[in-house]
Amino acid sequence: MKTPALGHICAAVLASLTALVASLAAAQTDRQALAAQLEAAGFHETVERRHEIRLNHCTLTTYVYEDWEDHGKVLWSSFRLNLKDLQLQDPDHDGRRFTWIPDFVHGKGGAIMIFSMAKGAVARHEMAMRRNPKPPYTPSPREGEDSYIYKDSTRFFILHDMLESPQKPSHFISLLEQYRLEYCFPLS
Numbered sequence: 000m001k002t003p004a005l006g007h008i009c010a011a012v013l014a015s016l017t018a019l020v021a022s023l024a025a026a027q028t029d030r031q032a033l034a035a036q037l038e039a040a041g042f043h044e045t046v047e048r049r050h051e052i053r054l055n056h057c058t059l060t061t062y063v064y065e066d067w068e069d070h071g072k073v074l075w076s077s078f079r080l081n082l083k084d085l086q087l088q089d090p091d092h093d094g095r096r097f098t099w100i101p102d103f104v105h106g107k108g109g110a111i112m113i114f115s116m117a118k119g120a121v122a123r124h125e126m127a128m129r130r131n132p133k134p135p136y137t138p139s140p141r142e143g144e145d146s147y148i149y150k151d152s153t154r155f156f157i158l159h160d161m162l163e164s165p166q167k168p169s170h171f172i173s174l175l176e177q178y179r180l181e182y183c184f185p186l187s
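Under numbering that gives the first Met the number 0, the sequence shown has 70 at position 71, and the numbering climbs by one with no breaks.
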């Protein structure tokens with residue numbers, strides 16, 4: 000084999016590796032962009048309550064903060080789960096995968112997004128002791144204005160209220176399903 004031929008092979012391999020690295024970086028950027036869109040769509044705040052979600056790869060964590068005495072908004076509830084195990088609500092007659100109540104409170108709409116976990120899977124529910132949870136539960140190491148516990152849960156819901164239309168929860172559910180399908184189920 001001549002040296003120039005070896006040089007061409009090395010250059011071709013290097014070009015292929017460079018293209019692969021660029022492709023992987025673009026895929027990671029796409030995933031991060033979709034995750035940011037999903038987190039933004041899951042954010043909802045009213046005077047009494049704030050709801051947030053955070054994604055770490057295929058682990059979803061929800062947070063609900065509510066006003067508590069003189070402490071301001073304090074964690075009320077949190078669910079942590081693997082998106083592979085999450086099951087969305089079946090579509091209703093309008094095709095929505097959530098319950099829409101047009102006049103939920105003060106003439107504004109509300110969306111109740113009900114989720115369940117696949118058989119054998121659980122979501123870790125962290126809740127404040129001020130909610131008076133029933134045993135069994137495990138203490139949480141979270142520090143703050145209240146103490147917290149963990150319980151396993153197979154069903155939970157997300158409530159967004161004071162909405163003008165069902166567009167926001169519809170967008171959230173759509174992004175959630177897109178993220179799950181694109182990034183949480185490996186191709187076989």
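From the three backbone atoms N, C-alpha and C, an ideal C-beta is built for every residue, glycine too.
Whose CA, out of the options, lies closest to the CA of residue i?
i           : options                         : result
leucine 80  : Glu144, Ala120 and Leu175       : Ala120
cysteine 57 : Leu162, Gly94 and Ala34         : Ala34
leucine 158 : Lys133, Tyr64, Leu82 and Tyr182 : Tyr64
glycine 106 : Met161, Phe42, Tyr182 and Gly41 : Met161
leucine 54  : Gly94, Lys133, Gln31 and Ile8   : Gln31
Using C-beta distances below 8 angstroms, list every residue in its chain close to residue i, excluding the 5 sequence neighbours before and after it, in chain order.
i              : result
methionine 116 : Leu80, Asp84, Leu85, Gln86, Ala122, Ser152, Thr153 and Arg154
Can you tell me where the beta strand (DSSP E) holding residue i begins and where it ends?
i                : result
lysine 107       : 107-116
arginine 154     : 154-162
phenylalanine 78 : 72-81
histidine 124    : 122-127
arginine 48      : 48-55
Checking the sheet assignment: what are the DSSP bridge partners for residue i?
i             : result
tryptophan 99 : Ala110
histidine 43  : His50
Within the same chain, show all residues whose beta-carbon is closer than 7 angstroms to that of residue i, passing over the 5 residues directly before and after it, in chain order.
i            : result
histidine 70 : Glu144
Just reading off the alpha helix (DSSP H) that residue i is part of, what are its end residues?
i             : result
histidine 170 : 166-182
Using a Cβ-Cβ cutoff of less than 6 angstroms, which residues in the same chain neighbour residue i once the five nearest sequence positions on both sides are dropped?
i            : result
glycine 109  : Ile100, Phe103 and Asp160
threonine 98 : Ile111
Cβ-heavy atom distance between residue i and the ligand PLP below 7 angstroms?
i            : result
histidine 92 : The model depicted lacks the ligand PLP and carries no ligand whatsoever.
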